[in-house]
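Chemist: Sharing a structure, written as structure tokens. Questions coming.
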Amino acid sequence: MDTQPEKEHLMDPTPRATAQEYKPSDKLVGKFALVTGGDSGIGRAVCHCFSLEGASVAFTYVKGHEEKDANDTLEMLRNAKHEGAKDSFAVPA
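Take 4 as the starting number for the sequence shown in my numbering and just add one per residue.
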């Protein structure tokens, strides 16, 4: 059985967490979102969509194991940040 590592940056192919064709409609402007496991996979995609919709986003990740993925997610969220949102941040768990 072929398995993938738990660290997204080591996966081949790398999962796609963004959708260039997505058109946000500002449904979450002024809201705050906390996403568990937001450093990779579905959690990362949710963080990205929430950010595009205008939410200020925080997410958790496993301390000591997923720092690279968490930093990659933070960079992605900085690029997707809505003008009215606060800076995103990661919470080690």
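In this text, a Cβ means the ideal position worked out from N, Cα and C, and glycines have one as well.
In this text the structure is predicted, and so the values were computed from the model without any measurement.
Where do the N-terminal and C-terminal ends of the alpha helix (DSSP H) with V49 fall, by residue?
Modeler: Unbroken alpha helix (DSSP H) run through V49: 44-55.
Chemist: What span of residues does the alpha helix (DSSP H) with T63 cover, start to end?
Modeler: Unbroken run through T63 is the beta strand (DSSP E), 59-64; no alpha helix (DSSP H).
Chemist: Give me the residue from A58, C50, G44, S59 with the minimum Cα distance to M14.
Modeler: Comparing Cα positions, the closest option is G44.
Chemist: Would you grab the beta carbon distance between T76 and C50 for me? Rounded to a whole angstrom, and I think it's under 8 Å.
Modeler: About 6 Å separates the two Cβ atoms, so the contact holds.
Chemist: Anyone know if the C-beta pair for L57 and P27 falls short of 9 Å?
Modeler: Per the sequence presented here, residue 57 reads as Gly, with Leu not at that position. For G57 and P27, yes; Cβs fall inside 9 Å.
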